[in-house]
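*Asks:*
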Amino acid sequence: MRVMTPTLSCLRVAAAGLLLALPLGAAMAQSAHHGHGAPAQTSPMQRAYAQSMGKMHADMEKSAAESDADVAFAKGMLAHHEGAVAMARIQLQYGKDPAMRKLAEEVIAAQDKEIRLMQDWLKGRR
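Here it is in structure tokens:
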């Protein structure tokens, strides 16, 4: 059995996700405060990020209901990796900075491999 450890790309994804989430969250919170709960005026890019992060967090939270720690970990990390790939694809759709585009491509390549590994492992558990 192969032990999964956090890779540098996984850590990069987490850092990139935080960097992306902070300004979006702050903008939405500020808009909700000023608009007394009204949704923020957001761009298609912001909506895409918010939607991908919402799905990722909801899917990660579902994994906590698992009674088997290994299955809970695999399902939570699978959701996290799929979310990272979704955010990287959004970066490639909207982003222009060459360094960030390169990072997004690297994230997709690295996370896709780990996604397949976790999916295969979970299929073997059924």
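Residues in the sequence shown are numbered from 5 upward in steps of one, following my numbering. Glycine is no exception: its CB is placed at the ideal position from the N, C-alpha and C atoms.
Between the alpha carbons of Val-75 and Gln-97, how many angstroms are there, rounded?
*Replies:* Going from the Cα of Val-75 to the Cα of Gln-97 covers about 33 angstroms.
*Asks:* Please report the distance separating the alpha-carbon of Val-111 from that of Ser-47.
*Replies:* Between Val-111 and Ser-47, the C-alpha separation is close to 24 angstroms.
*Asks:* Quick check on the burial criterion: 16 or more other C-beta atoms within 10 angstroms. Buried or exposed for Ser-56?
*Replies:* So Ser-56 counts as buried.
*Asks:* Lys-100 lies in the alpha helix (DSSP H); which residues open and close that run?
*Replies:* No alpha helix (DSSP H) holds Lys-100; DSSP gives it neither H nor E.
*Asks:* Thinking C-beta only, is Met-122 closer than 8 angstroms to Ala-68?
*Replies:* Result no, Cβ atoms of Ala-68 and Met-122 do not sit closer than 8 angstroms.
*Asks:* Roughly how many whole angstroms lie between the Cα atoms of Gly-80 and Ala-92?
*Replies:* Cα to Cα, the separation comes out at about 18 angstroms.
*Asks:* What's the call for Glu-86, buried or exposed, on a 16-neighbour Cβ count within 10 Å?
*Replies:* Flag for Glu-86 reads buried.
*Asks:* Determine the DSSP secondary structure at Val-70, reduced to helix, strand or coil.
*Replies:* One point to set straight first is that residue 70 is Glu, not Val, in the sequence displayed. In the structure shown, Glu-70 sits in coil (DSSP, three-state: anything other than H, G, I, E or B).
*Asks:* Nearest to Ala-54 by CA position, among Ser-71, Glu-70 and Gln-95, is which residue?
*Replies:* Nearest option by C-alpha distance: Gln-95.
*Asks:* Measure the beta-carbon distance from Ala-113 to Gly-99 and round it to whole angstroms, keeping in mind my assumption that it falls under 8 angstroms.
*Replies:* Actually they are not in contact, since the Cβ atoms of Ala-113 and Gly-99 sit about 17 angstroms apart, beyond 8 angstroms.
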